[in-house]
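These notes concern the structure reproduced below.
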DNA sequence: CGTTGAATTGACCAGTCGGTTAAAACTGAT
DNA sequence: ATCAGTTTTAACCGACTGGTCAATTCAACG
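Protein chains in written order, with the UniProt record's numbering: chain R, 1 to 203; chain S, 1 to 203.
Right under this line is the structure:
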């Protein structure tokens, strides 16, 4: 029910708890697999109480996703066309890797949505995301034209960064199953750094 | 009901239809998100009829997953310790990429299962998969020790191959959203070939 | 043809789902 | 203490879920 701007402390506390709980549940079970009872319980609220703060299950999900899109695109925006090409790209890789480490649930929420055909964020993908990637690719192509980094397919370069970094969050269980012992991401940063330096160092 | 070995044609036809339909539905909605009615309808059967062939929803899912694990591990087994290191690894990369192209639903079924914590295939991950990866890593480490390919973290090398190839199946919607026009995987093979050659060519 | 086992179905069930409602409990300012 | 507004909850609802069952239809073989 709260839509007037000035949120009371109790409103803030509860909506935060709901978002936190919903992130947990949605990211591990997907939208249809998650239940309001699960979320309510995890948030320490009753189900009707939960629906007092959000009008529907879908509203919670959409709210999480729209916040997520902002967070997710931010690192890409930080790439500076006037910076050192190799360092800019590597910094982006490391930023994305840190996000996988620090926000694995967000990564899995996103992965779930994409896997299921992105029914709720298709527009954002074809809109904001595509625009931002196009811009980034343009920057990268300029760097390549200037011979400051090696020539590779710029779109696939971007895909590779997404794929390699998010893998550690999305497929965490698998990585852990194979890599028993040390924490799984211990050497991931070094590996990716090395990979992209080798690939992008001009001939 | 059919568990006696000799399957009639009608049994084969229907179980095949069920598996095909279930693969469609499970891979796009996940286990909990899929319903028996959806699967039955997609298979052209009634729900009770479907349950005449498989005892439960879970049984269908488990059956698909166990088949999948075999298919999924096969390309890794084909790596020949006595082959040319670079060519063996690149062949594996291309095999995996072809699987993403030809069996995207299987890839997404697997991804869904892993995302949700691999509740049904954890044992296989920690067992067969880990053993096979350990074996492969051993082969790769030998090649590196002999100086025939560059030194990189072998486990993360394997992860990177999984990640980069499966990405095109699992995140197909996203890739398509950004890469309008040409079919999304047109240049993926060349890109990955180039990437691994650069990274693995000895200094 | 008739018969037998395999295949199929409509009707049904108990449990869970997302969501509603009306009444109760709580909160804080006066 | 009062009282208006906010917050919480018990009870409930219709729709849907996975699954059952008895009865029917079908296919094949003598």
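For glycine and all other residues, C-beta sits at the position ideal for the given N, C-alpha and C. Since the structure is predicted, the reported quantities are computational estimates derived from the model, not experimental observations.
- Excluding residues up to 5 positions away in sequence, 92, 93 and 96 lie with their Cβ nearer than 7 Å to the Cβ of residue 161(S) in the same chain.
- Three or more Cβ pairs closer than 8 Å define a contact, and the segment 114 to 132 of chain S falls short of that threshold against the segment 33 to 50 of chain S.
- Residue 165(S) sits close to residue 99(S), with the two beta carbons spaced by under 9 Å.
- Beta-carbon to beta-carbon, residue 114(S) and residue 174(R) are separated by about 5 Å, close enough to satisfy the 8 Å threshold.
- Looking at 81(R), 179(R), 156(R) and 75(R), the one whose alpha-carbon comes closest to that of residue 172(S) is 156(R).
- Rounded to the nearest angstrom, the gap between the Cα atoms of residue 62(R) and residue 120(R) is 7 Å.
- Around the beta carbon of residue 138(S), fewer than 16 other beta carbons lie within 10 angstroms, which makes this residue exposed.
- Note on residue 43(S): 16 or more other CB atoms within 10 angstroms of its CB, so buried under the neighbour-count rule.
- With distances taken between CA atoms, residue 90(S) lies nearest to 149(S) out of 149(S), 9(S) and 168(S).
- The contact set of residue 159(S) on chain R, defined by CB atoms closer than 7 Å, consists of 167 and 175 in chain order.
- Taking 9 Å as the threshold, the shortest C-beta distance from residue 118(S) to chain R falls below it.
- Between residue 64(S) and residue 195(R), the CB-CB gap reaches or exceeds 9 Å.
- Excluding sequence positions up to five before and after residue 125(R), its CB lies within less than 7 Å of the CB of 118, all in the same chain and listed in chain order.
- Put simply, the backbone Cα of residue 75(S) is about 35 Å away from that of residue 144(R).
- The Cβ atoms of residue 85(S) and residue 170(S) lie no closer than 9 Å to each other.
- The DSSP-derived three-state label of residue 182(R) is coil.
- Residue 168(R) places its beta carbon 9 Å or farther from that of residue 108(R).
- For residue 71(S), the CB contacts under 7 Å within the same chain, skipping 5 residues up- and downstream, are 106 in chain order.
- Using a 10 angstroms sphere on the CB of residue 21(R), the tally of other CB atoms reaches 16 or more, which defines it as buried.
- At least 9 Å separates the CB of residue 143(R) from every CB of chain S.
- At a cut-off of 9 Å between C-beta atoms, residue 155(R) counts as an interface residue with respect to chain S.
- Taking the beta carbon of residue 170(R) as reference, the chain S residues within 8 Å of it are 111, 114 and 115, listed in sequence order.
- Look at residue 84(S) here: in three-state DSSP terms it is coil, with no helix or strand label.
- For residue 159(R), the uninterrupted alpha helix (DSSP H) segment begins and ends at 154 to 170.
- Contacts with chain R (Cβ-Cβ distance below 7 Å) from the segment 17 to 29 of chain S involve 28 and 29, listed in chain order.
- In this structure, DSSP gives residue 147(S) a state outside helix and strand, which the three-state scheme calls coil.
- Around the beta-carbon of residue 112(S), 16 or more other beta-carbon atoms lie within 10 Å, marking it buried.
- A Cβ-Cβ separation of about 7 Å places residue 30(R) in contact with residue 116(R) under the 8 Å criterion.
- Counting other Cβ atoms within 10 Å of its Cβ, residue 154(S) reaches 16 or more and is therefore classed as buried.
- Residue 174(S) sits in a helix when the DSSP states are folded into three classes.
- Residues of the same chain with a CB within less than 8 Å of the CB of residue 197(R), apart from the 5 flanking positions on each side, are 86 and 90 in chain order.
- In the three-state reduction of the DSSP assignment, residue 45(S) falls in the coil class, being assigned neither a helical nor a strand state.
- In this structure residue 39(S) is buried. Its beta-carbon is surrounded by 16 or more other beta-carbon atoms within 10 angstroms.
- Taking a Cβ-Cβ cut-off of 8 Å, the neighbours of residue 199(R) in chain S comprise 194, 195, 198 and 199, given in sequence order.
- Under a criterion of Cβ atoms nearer than 9 Å, no residue of chain S is adjacent to residue 61(R); the nearest Cβ is some 13 Å distant.
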